[in-house]
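Peer 1: Below is a structure I'd like to ask you about.
Residue numbers (my numbering): 48 to 229.
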C-alpha cells in the first residue's frame with residue numbers, strides 16, 4: 048500500500064461518509080488540531096517517567112484518535128465502525144484528574160506555564176486542547192458534532208493542567224506562581 052494517494056493534491060480531502068471538502072474547512076481544522084494535540088501528548092509520553100501516567104496518556108491518545116474520527120463525520124446518520132468516545136470515557140478522565148489532584152497541594156495562585164521541560168509539554172498540550180475545544184464549539188454552531196467530544200476535550204484540558212502540576216511536584220521543580228502587578 049502506498050502512503051500517497053494524490054487525491055489531496057489540489058487542496059481537497061474526504062470526510063468520513065465521502066463528502067469532499069477543502070483542507071481549510073473548519074471540520075478539517077478541528078480534527079487536525081486534535082491530531083496536533085495527540086502529537087504533543089506523544090511528546091509527554093516519550094519523556095515522562097511515571098509509568099501510570101504514561102499508560103493513562105496512551106489511553107488518551109487512543110481516545111483522541113477516536114475523537115478525530117468522530118469529528119471527521121459529516122452527518123449524525125453516518126455510522127463509524129468503532130466505539131465512539133462516551134460518558135464512560137469522560138468519567139474515566141475525571142477519575143484520573145481526581146487521583147492527580149488528591150496528591151497535589153492546593154492552588155493559591157495562577158501558575159505560569161513552565162517548571163521543567165515535561166511540565167511545559169503538558170502546558171503546551173493543554174493550550175492545543177483548548178484550541179481544539181474552541182474550534183469544536185465553532186464547528187458545532189454550523190454542523191453536526193457529537194457533543195461528548197466537546198465534553199471530553201474540556202476535561203482533557205483540566206487533566207493536562209493537573210498533570211503539569213504533578214510533573215513539577217514529582218520532579219521537585221517549583222511551580223512558577225503568577226504574581227500580578229498592582
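Note that the Cβ used here is the ideal one computed from N, Cα and C, for glycine as well.
1. Label residue 39 either buried or exposed according to how many other C-beta atoms from any shown protein chain fall within 10 Å of its C-beta, with 16 as the threshold for buried.
2. Taking Cβ to Cβ, would you say residue 114 is nearer than 9 Å to residue 78?
3. Quick check on this structure: which residue in 151, 142, 186 and 96 has the alpha carbon closest to the alpha carbon of residue 164?
4. Can you give me the start and stop residues for the beta strand (DSSP E) that residue 173 sits inside?
5. Determine contact between the stretch 209-222 and the stretch 84-103, defined as no fewer than three beta-carbon pairs at a distance below 8 Å.
6. Below 8 Å CB to CB, which residues in the same chain sit around residue 148 once its five sequence neighbours on both sides are set aside?
7. Quick check on DSSP: helix, strand or coil for residue 63?
8. Based on the DSSP secondary-structure assignment, which residues constitute the bridge partners of residue 224?
9. Can you list, in chain order, the residues of its chain with a C-beta nearer than 8 Å to that of residue 176? Leave out the 5 residues immediately preceding and following it.
10. Could you name the residues of the same chain whose beta carbon sits closer than 8 Å to that of residue 182, not counting the 5 residues immediately before and after it, in chain order?
11. To the nearest angstrom, how far is it from the Cα of residue 61 to the Cα of residue 138?
12. What's the call for residue 173, buried or exposed, on a 16-neighbour Cβ count within 10 Å?
13. Check this for me: beta carbons of residue 195 and residue 136, under 9 Å apart or not?
14. State the start and end residues of the unbroken alpha helix (DSSP H) segment that holds residue 149.
Peer 2: From the atom records:
1. Since the first and last residues shown for the chain are 48 and 229, residue 39 lies out of range.
2. Position 67 of the chain shown, counted from the first residue, corresponds to residue 114. Position 31 of the chain shown, counted from the first residue, corresponds to residue 78. Yes, Cβ-Cβ distance for residue 114 and residue 78 is below 9 Å.
3. Locating residue 164 in the chain shown gives position 117, where the first residue counts as 1. Of the listed residues, the one whose Cα sits closest to residue 164 is 96.
4. Translated into the one-based positions of the chain shown, residue 173 becomes position 126. Counting along the chain, residue 173 falls outside any beta strand (DSSP E), though it belongs to the alpha helix (DSSP H) covering 164-187.
5. Short answer: they touch.
6. Counted from its first residue, the chain shown places residue 148 at position 101. 209.
7. For the purposes of this step, residue 63 is identified with residue 16 of the chain shown, where counting begins at 1. If DSSP states are grouped into helix, strand and coil, residue 63 belongs with the strands.
8. Locating residue 224 in the chain shown gives position 177, counting from the first residue. In the DSSP output, where bridge partners are listed per residue, residue 224 has 158.
9. Counting from one through the chain shown, the residue named residue 176 turns up at place 129. Take residue 176, set aside five residues on each side of it, and the residues of its chain with a beta-carbon closer than 8 Å to its own are 84, 200, 203, 204 and 207, in chain order.
10. Indexing the chain shown from 1 puts residue 182 at position 135. Here the set comprises 73, 76, 77 and 80.
11. Within the chain shown, numbered from 1, the residue matching residue 61 stands at position 14. Within the chain shown, numbered from 1, the residue matching residue 138 stands at position 91. Taking the straight line from one Cα to the other gives about 32 Å.
12. Position 126 of the chain shown, counting from 1, holds the residue named residue 173. By the neighbour-count rule (16 or more Cβ atoms within 10 Å), residue 173 is buried.
13. Mapped onto the chain shown, residue 195 falls at position 148. Mapped onto the chain shown, residue 136 falls at position 89. A contact, by the Cβ cut-off of 9 Å.
14. Here residue 149 corresponds to residue number 102 of the chain shown, with the count starting at 1. Counting along the chain, no alpha helix (DSSP H) covers residue 149, and no H or E run does either.
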